[in-house]
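Trainee: Keeping their order, the protein sequence lines are chains F and Y.
When the letters of the first sequence are read in order and numbered with our numbering, they come out as residues 1 to 311.
When the letters of the second sequence are read in order and numbered with our numbering, they come out as residues 1 to 311.
Glycine included, C-beta positions come from ideal geometry on N, C-alpha and C.
Predicted model, so just to flag it, every value in this text is computed and none were measured.
Here it is, the structure, as structure tokens.
2 protein chains.
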Amino acid sequence: MTVSRALNTPQLVRPKTVEKVIAAVKATGYIPNALAGGLASRRSKLIAVVVPQINNNMFVDTIQAISDELAVRGYHMLLCVAGYTQQTEADLVAALLSRRPDGIVLTGIHHSTDLKKVILNANVPVVEIWDLTPTPLDMLVGFSHEKVGQATAEYLLRKGYRRPGLLWTVDKRAAQRKAGLCEVLERNGISEPRVADVALPARFTSGRQGLAQLLEQGDFDVIVCSSDTLAQGAIIEAQSRGLQVPQDLAVIGFGDLDFAAGNQPAITTVSVDRQIIGQRAATMLADRIEGSEVDVPVVDIGFHFVERESA
Amino acid sequence: MTVSRALNTPQLVRPKTVEKVIAAVKATGYIPNALAGGLASRRSKLIAVVVPQINNNMFVDTIQAISDELAVRGYHMLLCVAGYTQQTEADLVAALLSRRPDGIVLTGIHHSTDLKKVILNANVPVVEIWDLTPTPLDMLVGFSHEKVGQATAEYLLRKGYRRPGLLWTVDKRAAQRKAGLCEVLERNGISEPRVADVALPARFTSGRQGLAQLLEQGDFDVIVCSSDTLAQGAIIEAQSRGLQVPQDLAVIGFGDLDFAAGNQPAITTVSVDRQIIGQRAATMLADRIEGSEVDVPVVDIGFHFVERESA
DNA sequence: TTGTATGCGTTATCAG
DNA sequence: CTGATAACGCATACAA
């Protein structure tokens, strides 16, 4: 017991005793067993993070930020890939809960009822990220994809574009952005723009292929892409066909990835602070776990439209 | 005990009993406690993965592959960021070992003696990845960065380039590639090529800036970059200055990231199968943990030079 | 400031 | 095929 205290709460132990313990730890190479510790204390110092995929330019910065912030707070990150289907996510979370994480980060707000039941029953703090809803499971850090779509449509209309084509991945958050976009377009007399569906993960090459596909089907003055990666691919494809961007064909992206500003032409896009999402999510979880009240359980980090050269 | 068996080894339990257990589990929402299970069984079904950084185009594919393969085998991934300093890594691994992972994945082969001692003492299977040495801690999956550098130099000389400039990040593996490169250049009468150092993580914009910096200092016919990301930035910077790539200035990358092939001009680079590294590492660990002999503990996955348009 | 008794929720082991 | 018992290595609660 004195060893336990010397290691975890040294201020409760006589300094000389602490020294002796530390010396013994060094001499023996003792490494505490966190499984036993967690079992006894009912706190695992573990945070489970569930994302649709890791090798995704959007999520990876958020994951890194979560990891960094958790490290500062003394937590470890259990990282799991759920794919884009709800059933996988529910099974995954059930398996994760068996490790008794002190908190969980879930990507998105659309979960199976099964998952919701399990997670509420487990009574573990949860932060949903990368989306927005007035009714989160528990806490939330994100932004409105619908509003991103609307803002994009408004920009596009203001600039005088009237023949938009969409280069779009098929995930749920992209769909929300599309809904917002199409709603505003519709209100302005542009209905059902042509869409090229792109498989996940969004890749540079799928952007090229997607544009090629679109150009066979119609005539456009602007291509709206569900991510900067696709936008960059589209720009290269346009240029390789002798089209000037934005004069002959404008391109709009999403995400403000690191290459967007430096690209030639610089990519007009929607900027989202991906690190802040992770940092806030980790902070909120750690605060809650450690007993502080989290006064604003729903954080809208917003976004801003970045006008550059491509549109 | 019967419940434990019904859940873990149902074949040892009468089917009717299994059914009853399953029903009770559903009815009560029971979730096994893996902390207790791990404590008792001394197997945690946990793999710790240590990388210098997550939001890095190189490692992220490997991480995803590890995660995917581990999921298939029934393991979870504890992911930690060590940065590029040895001390951080040693502290980190000590903390990780307290969770009693069944295996550990370390990036690179350069570790503090402290870390080596701790990890050998813990007697846990280890795979080092993304590098090559005849004397790994335990198992290894990687390739020779020095040979990559040599192959690059040979290609460059064969193509007739004689005034190379380097755009290089400062991490250890990049340094090995540089050493291989410079050695072959030296042997061919080209000594101490000019180098622009670039901070990690490698970004598109740092590629642009780095080239700008180089061009102020000298006259080059080829720019060799420590990653495709830098190469793409360099190409854009060159083009924006009215330089034709490769006619006026050739550019060589490393990694064969997804945009390399589709870029305009397509980027000449060194292709490395980043997924395979992760997949093999996970397989080797799981095999070893589950008692199979791992017959080849050191796997050189090799690389191949990809000649495209940029050089 | 230190120590003692007890229990956390499993699984290994052995007995039926 | 099922059950009883004893760890696993800590931290909580209380006593000294």
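Alpha carbons only, please: which of V127(F), D114(F), V118(F) is nearest the one belonging to G108(F)?
Mentor: The option with the nearest alpha carbon to G108(F) is V127(F).
Trainee: Give me, in chain order, the residues of the same chain whose beta-carbon lies closer than 7 Å to that of R100(F); leave out the 5 immediate sequence neighbours on both sides.
Mentor: Taken in chain order, the residues that qualify are G38, S44.
Trainee: For I129(Y), which of helix, strand or coil comes out of DSSP?
Mentor: In the structure shown, I129(Y) sits in a strand (DSSP, three-state: E or B).
Trainee: Would you mind telling me which residues of chain Y sit closer than 9 Å to T205(F), beta carbon to beta carbon, in chain order?
Mentor: Correct list: D258, F259, A261, G262.
Trainee: Which chain F residues are close to A94(Y), counting only those with a beta carbon under 7 Å from its beta carbon?
Mentor: Residues of chain F passing the Cβ test: I31.
Trainee: Chain Y partners of V60(F), CB-CB under 8 Å?
Mentor: Correct list: I54, N55, V60.
Trainee: With a floor of 3 residues, list each beta strand (DSSP E) that falls wholly inside the region 21-72 of chain F, ordered by position along the chain.
Mentor: Counting whole runs of 3 or more residues, the region 21-72 of chain F contains the beta strand (DSSP E) stretches 46-51.
Trainee: Taking a contact to mean a Cβ-Cβ separation below 7 Å, would you say V18(F) touches V3(F) in this structure?
Mentor: Not a contact, by the Cβ cut-off of 7 Å.
Trainee: Under 7 Å between the Cβ atoms of S98(Y) and A34(F)?
Mentor: Their beta carbons are under 7 Å apart, which means S98(Y) touches A34(F) by this criterion.
Trainee: How far does the alpha helix (DSSP H) with S271(Y) in it reach, from first residue to last?
Mentor: Per DSSP, S271(Y) belongs to no alpha helix (DSSP H); it is in the beta strand (DSSP E), 269-271.
Trainee: On a CA-only basis, which of G262(Y), Q247(Y), Q64(Y), R163(Y) is nearest Q239(F)? Give me that one, please.
Mentor: The shortest Cα separation from Q239(F) among G262(Y), Q247(Y), Q64(Y), R163(Y) belongs to G262(Y).
Trainee: When you check each C-beta in the region 59-80 of chain F against every C-beta of chain Y, which residues fall closer than 8 Å?
Mentor: So the list reads V60, D61, I63, Q64, S67, D68, A71, H76, M77, L78, L79, C80, given in the order they occur along the chain.
Trainee: For a test of the three-state rule: what should DSSP assign to I190(Y), helix, strand or coil?
Mentor: DSSP places I190(Y) in coil when its eight states are reduced to three.
Trainee: On a Cα-Cα basis, can you pick out the residue from A231(F), A266(F), D197(F) that is closest to T169(F)?
Mentor: Comparing Cα-Cα distances from T169(F) to each of A231(F), A266(F), D197(F), the minimum goes to D197(F).
Trainee: With 9 Å as the C-beta to C-beta threshold (strictly closer), list the residues of the region 236-250 of chain F near chain Y in chain order.
Mentor: Residues I236, E237, Q239, S240.
Trainee: Could you have a look at G210(F) and say whether DSSP puts it in helix, strand or coil?
Mentor: DSSP places G210(F) in helix when its eight states are reduced to three.
Trainee: Can you find a C-beta in chain Y that's less than 7 Å from the C-beta of S98(F)?
Mentor: Output row for S98(F): interface = yes.
Trainee: List the endpoints of the continuous beta strand (DSSP E) containing F305(F).
Mentor: Here the beta strand (DSSP E) through F305(F) covers 304-306.
Trainee: Identify, in the order they occur along the chain, each residue of the same chain with its Cβ nearer than 8 Å to the Cβ of R308(Y), setting aside the five sequence neighbours on each side.
Mentor: Cβ within range, chain order: A260, A261, P265, A266, I267, T268, T269.
Trainee: Keeping to the same chain, check which residues put their C-beta closer than 7 Å to that of A281(Y); ignore five residues upstream and five downstream.
Mentor: The answer, listed in chain order, is I66, V105, V127, I129, V141.
Trainee: Of all the CB atoms in chain Y, is at least one closer than 7 Å to the CB of L39(F)?
Mentor: Chain Y contact via Cβ: present.
Trainee: Starting from G255(Y), follow its DSSP beta bridges and name the residues at the other end.
Mentor: In DSSP, G255(Y) forms a bridge with S271(Y).
Trainee: On the three-state DSSP scale, how would you describe M284(F)?
Mentor: Helix, per DSSP.
Trainee: 7 Å is my cut-off, CB to CB: does A36(Y) come that close to chain F?
Mentor: Yes - at least one Cβ of chain F is within 7 Å of the one on A36(Y).
Trainee: Examine chain Y for any beta-carbon lying closer than 7 Å to the beta-carbon of N121(F), and answer yes or no.
Mentor: Closer than 7 Å to some Cβ of chain Y, the Cβ of N121(F) qualifies, so yes.
Trainee: Work out the CA separation of F204(F) and T229(F) for me, nearest whole Å.
Mentor: Using only the alpha carbons, I get a separation of about 5 Å.
Trainee: To the nearest angstrom, report how far apart I252(Y) and I223(Y) are at their CA atoms.
Mentor: Distance between the alpha carbons of I252(Y) and I223(Y): 6 Å.
Trainee: Using 8 Å for Cβ pairs, my map puts E314(Y) next to Q176(Y). What's the rounded Cβ distance?
Mentor: Beyond the ends of chain Y as shown, which are 1 and 311, falls residue 314(Y); an answer cannot be given.
Trainee: Between which two residues does the beta strand (DSSP E) harbouring D300(F) extend?
Mentor: Where D300(F) is concerned, the enclosing beta strand (DSSP E) stretches over 298-300.
Trainee: Should M1(Y) be labelled buried (16 or more other beta-carbon atoms within 10 Å of its own) or exposed?
Mentor: Classification for M1(Y): exposed.
Trainee: In the DSSP assignment, what residue or residues form a beta bridge with A196(Y)?
Mentor: Looking at the DSSP assignment, A196(Y) forms a beta bridge with L167(Y).
Trainee: Cβ of S226(Y) within 7 Å of Cβ of A179(Y)?
Mentor: No. Outside cutoff.
Trainee: Looking at chain Y, is there any beta carbon in it that lies within less than 7 Å of the beta carbon of R187(F)?
Mentor: Cβ-Cβ to chain Y under 7 Å: no for R187(F).
Trainee: I'd like the list of long-range same chain contacts for A234(F), defined as Cβ closer than 8 Å, with 5 residues on each side in sequence excluded.
Mentor: Contacts found: L167, G207, R208, G210, L211, I223, C225, V251.
Trainee: Cα separation between M284(F) and V50(F)?
Mentor: Those two C-alpha atoms are separated by around 16 Å.
Trainee: Verify the CB distance criterion: does R208(Y) have a CB-CB separation below 7 Å to chain F?
Mentor: Output row for R208(Y): interface = yes.
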